[in-house]
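Everything on this sheet refers to the single structure shown next.
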Ligand SMILES: Cc1cc2nc3c(=O)[nH]c(=O)nc-3n(C[C@H](O)[C@H](O)[C@H](O)COP(=O)(O)OP(=O)(O)OC[C@H]3O[C@@H](n4cnc5c(N)ncnc54)[C@H](O)[C@@H]3O)c2cc1C
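In the numbering used here, the protein residues as written are 109 to 555.
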């Protein structure tokens, strides 16, 4: 019997976004195929979020490296690909293993066989950005994928990049005894966030013995008698056993035929989507996208958010994505949490900004927890009387800052937020003082 090769919806890529789109649509009765060439589940459970958080948790518990690796592999092993396939199949999704290559409006090839679709959902994710450094290709270098699957603990590690992934992995290896150097061309860590977050994290990493080289650009990397030598543009050098490239990720937009739909994406950009996550394309078939491939989402939770937007629209329930309050978290100790606009973004957008901050050390909870440190800052739009952004560095900030995401997303007036009571003693109390401060400064502007 020949197999049917048409589906109402074909989802290209079975990661955080694709799996959700396919499962939800199939549960709603739609005829869906999902194409995946590697592991169903994508980056997050096998190579990114889950293994890195497992290692960070082991480091916090003071476990040995061997135990940490065993736990990591057990955790990711539980989320095995067969179970993912079985779950989707139970929902009614047809899972097709192979590389999907779009060949024109309504058509694609999967490992050479032609298939057709009514709507295409592109959820192909992203890939590591490899900086153009002379010699990098010839030395033992890891991307996060390799670091998070191999059992090696390098004695000396040089991390290229002081962004969220570079900081998390630097902390992992430093906690287990590696001598870690971060080489970051900018003037500090987490340069896209409010500066205090990177400063607090830099202090924490330095206390663990991490060598931070800011304003340092690698010029050349070569093998040397003791391992790998990274020459910096200023003439300095860093010797290590291994290089970890953590220079960000690029949306995966090339190599699978988007140009046959009239879609051209400039280098380094994501697939352009409108508020409904629809991609302008040639032909009658609908093209949609969600997740890292859009360049708008850079986290698993943002990928799933866009996926839900796609599902709603494909089920005829019009929904527009709203990106005002998508959290950004670095799961180090201390945790860095940010949501909404940074002060720079707000000012660049012409917002008359009010900022207020508070040191966590002043909370009773921090005293109970043996003088924990950290800080929270809130950013308000003076004209609108609402929060537009916030950032925090402190223990479990990803948990107690969630209400700020809700406040930003819902546009809750500051006057109402100041009336919210937090349990004593918690870190959540830390947001009360800056809220009152902002509300007082607004008084007179708003009745
Ligand atoms: C080290 C690290 C730590 C991270 N930690 C976190 C975290 O703690 N929290 C968080 O929210 N985010 C985290 N992220 C980000 C998160 O992993 C991604 O945002 C998320 O995986 C994106 O999901 P996605 O569905 O867009 O893409 P992916 O999960 O990458 O899925 C895309 C899938 O498409 C497949 N594919 C691509 N092209 C084709 C094709 N032509 N045919 C067939 N299949 C194809 C790929 O094989 C892949 O499986 C982390 C990332 C890294 C690197």
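Just so you know, even glycine gets a beta-carbon here, dropped at the ideal spot from N, CA and C.
This one's a predicted model, so the numbers in the text were calculated from it and none came from an experiment.
- Residues of the same chain with a CB within less than 6 angstroms of the CB of residue 270, apart from the 5 flanking positions on each side, are 290, 292 and 297 in chain order.
- Not one heavy atom of ligand 1 is found less than 7 angstroms from the C-beta of residue 219.
- The C-alpha of residue 533 is placed about 7 angstroms away from the C-alpha of residue 471.
- In the DSSP assignment, residue 544 falls within the alpha helix (DSSP H) that extends over 540–550.
- Approximately 5 angstroms separates the beta-carbon atoms of residue 352 and residue 250; this is inside 8 angstroms, confirming the contact.
- In this structure, the C-beta of residue 421 stays at least 7 angstroms away from each heavy atom of ligand 1.
- Residues 466, 468, 471 and 484 of the same chain have their beta carbon placed closer than 7 angstroms to that of residue 538, with the five preceding and five following residues left out of the count.
- At a cut-off of 3 residues, the continuous stretches assigned as beta strand (DSSP E) that sit fully inside the segment 236–284 are 264–268.
- Counting only runs of 4+ residues, the alpha helix (DSSP H) found wholly inside the segment 113–154 occupies 124–135, in chain order.
- Counting other Cβ atoms within 10 Å of its Cβ, residue 197 stays below 16 and is therefore classed as exposed.
- Secondary structure at residue 286: coil, using DSSP grouped into helix, strand and coil.
- At a threshold of 7 angstroms, residue 157 counts as near ligand 1, since its beta carbon sits closer than that to one of the ligand's heavy atoms.
- Take the alpha-carbon of residue 322 and the one of residue 275: they are about 13 angstroms apart.
- Per the DSSP secondary-structure output, residue 223 pairs in a beta bridge with 216.
- Contact check for residue 446 and residue 436: beta-carbon distance about 5 angstroms, within the 8 angstroms limit, so the pair qualifies.
- Relative to ligand 1, residue 408 has its C-beta within less than 7 angstroms of a heavy atom.
- Per DSSP, the continuous alpha helix (DSSP H) segment holding residue 306 begins and ends at 303–315.
- In the DSSP annotation of this structure, the continuous segment of the alpha helix (DSSP H) that includes residue 199 starts and ends at 189–199.
- The beta carbon of residue 481 is closer than 8 angstroms to those of 308, 442, 467, 468, 469, 474 and 502 in its chain, skipping five residues each way along the sequence.
- Classified as buried, residue 144 has 16 or more neighbouring CB atoms from the shown chains inside 10 Å of its CB.
- In chain order, 128, 129, 132, 133 and 136 place their CB closer than 8 angstroms to the CB of residue 419, counting only its own chain and leaving out the 5 sequence neighbours on each side.
- Listed in chain order, the alpha helix (DSSP H) runs fully inside the segment 437–498 are 451–456 and 472–476, counting runs of at least 4 residues.
- Beta-bridge partners of residue 339 (DSSP): 328 and 345.
- Judged by their CB atoms, residue 152 and residue 123 are nearer to each other than the 8 angstroms cut-off.
- Short note on residue 256: C-beta closer than 7 angstroms to some heavy atom of ligand 1.
- The three-state secondary structure of residue 111, taken from DSSP, is coil.
- DSSP, reduced to helix, strand and coil, places residue 298 outside both helices and strands of the structure shown, so it counts as coil.
- Of all C-beta pairs linking the segment 230–248 to the segment 392–407, three or more are shorter than 8 angstroms, placing the two stretches in contact.
- Where residue 207 is concerned, there is no enclosing alpha helix (DSSP H), because DSSP gives it neither an H nor an E.
- Assignment of residue 397 by DSSP, reduced to helix, strand and coil, places it in the strand class.
- Relative to the Cα of residue 452, the nearest Cα in the group 295, 303 and 381 belongs to 303.
- Rounded to whole angstroms, the Cβ separation of residue 464 and residue 527 is 17 angstroms, and the two are not in contact under 8 angstroms.
- For the 8 angstroms CB-CB criterion, residue 458 and residue 498 do not form a contact.
- Contact annotation: residue 284 and residue 167 have beta-carbon atoms nearer than 8 angstroms.
- The nearest non-hydrogen atom of ligand 1 is 7 angstroms or more from the C-beta of residue 265.
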